[in-house]
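Here the structure comes first, spelled out in structure tokens, and everything after it is commentary.
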Amino acid sequence: MKDLWVIVPAFIISALTIPIFGRLAKSYGIVDRPDGELKPHERITPYLGGLSIYLGVLFVTPFELVTKITLTILVLLGLCDDAKNADPKVRLVTEFVIASVLVYKYVGLSFLFPLYVVLVAALINAVNMMDGLDGVCASVSAISAIGLFSVATSRYDKALLLALVGALAGYLLYNFPPARIFMGDAGSYLIGGVLSIGLLSSIRNGTSNLPYVVSAFIFLSLFFFDLGAGVLRRILNGRSPFSGDRGHFYDKIQSKTKNKRYTLLVVVFIQFVFFTIGIIAKQNTMLSLPAVVVLLVMYYFMSKWLKILKY
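Residue numbers (full-length UniProt numbering): 1 to 311.
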């Protein structure tokens with residue numbers, strides 16, 4: 001319970017510094033300009049909200065060299081992309097290096113090492129892809145972090161996840177539709193890194209901790225679903241799997257609601273349902289299997305409802 005207080009200072013730091021970074025972003029032209037297609041927002045919106053999230057996480061959690069360095073590198077990588085559109089190859093290589101460091105730190109070397117590295121790199125990119133509609137990425141990430149808090153296997157990892165929740169809450173004050181600031185890649189990469197730590201923390205003890213591992217993937221499943229559906233949709237429609245589009249699940253929901261706030265409420269409801277399934281799966285192995293079955297059935301019907309593989 002003592003660690004829960006981490007949320008408060010993280011929230012305060014994030015909420016107080018966002019206006020400062022917003023003004024800096026406008027001064028240096030680090031902004032997102034509408035284009036009517038991939039960027040359909042109504043006005044020029046500053047980036048750098050992710051730096052406030054970073055400060056909220058950085059200053060309220062204990063210093064741990066490897067973790068803080070890896071998260072800082074991810075933020076700097078994202079910041080370069082926000083300001084100058086970093087080379088995609090450089091981004092990808094850096095992500096895999098960071099993923100390798102985190103997997104080695106938390107899980108060590110094993111025959112599953114390459115799989116874990118790919119999962120971490122995929123999660124970082126999946127969080128980045130989720131940041132396409134006001135409030136969606138921050139809300140889904142906060143709920144995921146709360147779930148991962150329940151399955152993380154060290155006090156430090158739990159504090160890191162709670163700090164992220166607090167910092168995201170402060171950010172949401174400004175990113176709730178209509179957004180006044182965006183987190184940018186600096187923010188989404190940071191969130192992907194923290195959530196990856198939560199995932200790796202849950203699988204640290206391997207099969208002896210199976211319900212926790214299953215729960216962790218359920219908490220994060222919406223990210224992996226959106227990433228997998230996006231790549232498959234582009235391939236099936238003859239596009240590059242690395243190209244952007246407006247066919248994400250939240251875009252499909254918005255096409256039905258015609259309202260960003262309603263869309264956010266629907267997304268939060270969906271993620272909360274998955275969160276509940278994850279909590280149930282966490283109880284014991286006997287509940288994990290039916291929880292996964294229910295989850296897959298829900299994703300099947302959601303895919304059909306949204307026509308997720310079509311444009």
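The C-beta atom is built at its ideal place from N, Cα and C for all residues, glycine as well.
In this text the structure is predicted, and so the values were computed from the model without any measurement.
Exposure label - ILE235; buried when at least 16 CB within 10 Å: Here ILE235 is exposed: its Cβ has fewer than 16 other Cβ atoms, across all protein chains shown, within 10 Å.
Start and end of the alpha helix (DSSP H) containing ALA186? Segment 184–202, the alpha helix (DSSP H) holding ALA186.
Can you find a C-beta in chain D that's less than 8 angstroms from the C-beta of ASP131? The chain inventory of the structure shown lacks chain D, comprising one protein chain alone.
If you follow the alpha helix (DSSP H) that GLU95 is part of, which residue opens it and which one closes it? In the DSSP assignment, GLU95 falls within the unbroken alpha helix (DSSP H) covering 88–106.
With distances taken Cα to Cα, identify the nearest neighbour of LEU102 among LEU296, PRO46, GLY238 and ARG204. With distances taken between CA atoms, LEU102 lies nearest to ARG204 out of LEU296, PRO46, GLY238 and ARG204.
Closest by C-alpha distance to ILE124, when choosing among LYS252, LEU190 and VAL293: Nearest of LYS252, LEU190 and VAL293 to ILE124, Cα basis: LEU190.
What would DSSP say about PRO9, mapped onto helix, strand or coil? Helix at PRO9.
Along the chain, where does the alpha helix (DSSP H) that runs through LEU119 open and close? First-last of the alpha helix (DSSP H) with LEU119: 113–130.
Who are the near neighbours of LEU173 in its chain, counting only those whose CB is closer than 8 angstroms to its CB and skipping five residues on each side? Listed in chain order, the non-local C-beta contacts of LEU173 below 8 angstroms within the same chain comprise ALA15 and ILE18, local neighbours out to five positions each way being set aside.
Using alpha carbons as the reference points, say which of VAL213, ILE181, VAL90 and PRO62 lies closest to SER150. The shortest Cα separation from SER150 among VAL213, ILE181, VAL90 and PRO62 belongs to VAL213.
For ILE253 and ILE218, the rounded distance between their alpha carbons: Their Cα atoms are separated by approximately 21 angstroms.
Output the boundary residues of the alpha helix (DSSP H) element that contains LYS295. Checking the sequence, you will find Leu at residue 295 rather than Lys. Its alpha helix (DSSP H) spans residues 285–306.
How is VAL151 classed by DSSP in three states: helix, strand or coil? Correct three-state label for VAL151: coil.
Do you know offhand how far residue 328's Cα is from LYS304's? The displayed coordinates of the chain run from 1 to 311. Any statement about residue 328 would go beyond what the structure contains.
Report the three-state DSSP secondary structure of ASP81 (helix, strand or coil). In the structure shown, ASP81 adopts helical secondary structure according to DSSP, grouped into three states.
Reducing DSSP to helix, strand and coil, say where ASP134 ends up. Looking at ASP134 - three-state DSSP - the assignment turns out to be coil, as it is neither helix nor strand.
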